[in-house]
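So our numbering is basically just the index in the sequence shown, starting at one, shifted up by 172.
Some notes on the structure that comes next.
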Amino acid sequence: MKALFRWKTGGVPEYGDGEVEIKELGLEVAPPASLAIKLRKGYGAKTLAKQFALTALFGPAGAAAGGLVRGAKFLIPFSSIAQVTMTKHRFGIFGDKDFIELKVRDEKKGFELCFAPYEGTVRRKFRTAEFYEALVRKLNLVSASSVQFNPASEEERELQARYVEEESSMNSSPEGRKAVHRGRRRKGSSESERGEYLSEEAEIKFCPMCGSRVRPDYVFCPNCGYRLRK
């Protein structure tokens, strides 16, 4: 999919067209040539002398950075993505537009990408929200099977305690009990749906960044993009 990339040179935002695509093993990116030139200057000639040097120094993310600074199409492994968020930036006379900000981590040096996927040529139709949701779903799906979850953090425990307290208060009143009962009936009538609902209730998790409820197997918060587990 085509994408509008955003970066800054001397504090002034610049824009250029490239491509992004969600693949099986990572995010495939073809950056605009002008962005590649900027990053090439940032890394220096010695670091960029050979592709294998980047890979040896930085691992998979370094290999991705090597492709980025050359302006070639490259793949960012899902395991190298540290954070993905959606934010707004002003784009010319068109006002504020949604952009995806991606932070890529490695052992020595990371880099960031800011882009807004779109369709069309003369008249762009931005698909930032749809692409963001698809990327977060893919990250959670791929990472959940290989990540060992740590115990809940202090922030999560506080949010969970607050939630349980609110639930208890709600259940203590007749109006609250009716509301909870209606909500559970709407959740589903089959045994499997009720079992899944009760299982989710038994393992309440919250994002420590924004406080949204998240599933125990999520690696990224679908609301704010915060990485829930290392």
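Positions of the beta carbon are idealized from the N, C-alpha and C atoms, including for glycine.
Residue i, buried or exposed, once every other Cβ within 10 Å from all chains shown has been counted against 16
i, result
"Ala306", "exposed"
"Leu313", "exposed"
"Met258", "buried"
"Val184", "exposed"
"Gly198", "buried"
"Cys382", "exposed"
"Arg295", "exposed"
"Gly190", "buried"
"Ile272", "buried"
"Ala202", "buried"
"Ile248", "buried"
Beta bridge counterpart(s) of residue i as assigned by DSSP
i, result
"Ala175", "Gly190, Pro289"
"Arg296", "Beta-bridge pairing links Arg296 to no other residue."
"Lys130", "Missing from the structure shown is residue 130; the chain here goes from 173 to 402 and no further."
"Phe250", "DSSP, once it has assigned bridges, lists no residue as partnering Phe250."
Cβ shell of residue i (< 8 Å), same chain only, five flanking positions each side left out
i, result
"Lys297", "Tyr290, Glu291"
DSSP-derived helix/strand/coil call for residue i
i, result
"Gly198", "strand"
"Arg387", "coil"
"Ala205", "helix"
"Val308", "helix"
"Leu313", "helix"
"Ala301", "helix"
"Phe263", "coil"
"Lys180", "strand"
"Lys269", "strand"
"Leu127", "The question about residue 127 has no answer, for the chain in this structure spans 173 to 402."
"Lys275", "strand"
"Pro394", "coil"
Close Cβ partners of residue i (< 7 Å) along its chain, the five nearest in sequence each way excluded
i, result
"Leu400", "Cys379, Val386, Tyr390, Val391, Phe392, Cys393"
"Leu176", "Tyr187, Asp189, Phe287, Ala288, Tyr290"
Within-7 Å CB hit, residue i to chain C
i, result
"Glu186", "Here chain C cannot be found, since the structure has a single protein chain."
Own chain, CB closer than 6 Å to residue i, minus 5 neighbours either side, in chain order
i, result
"Phe263", "Lys269"
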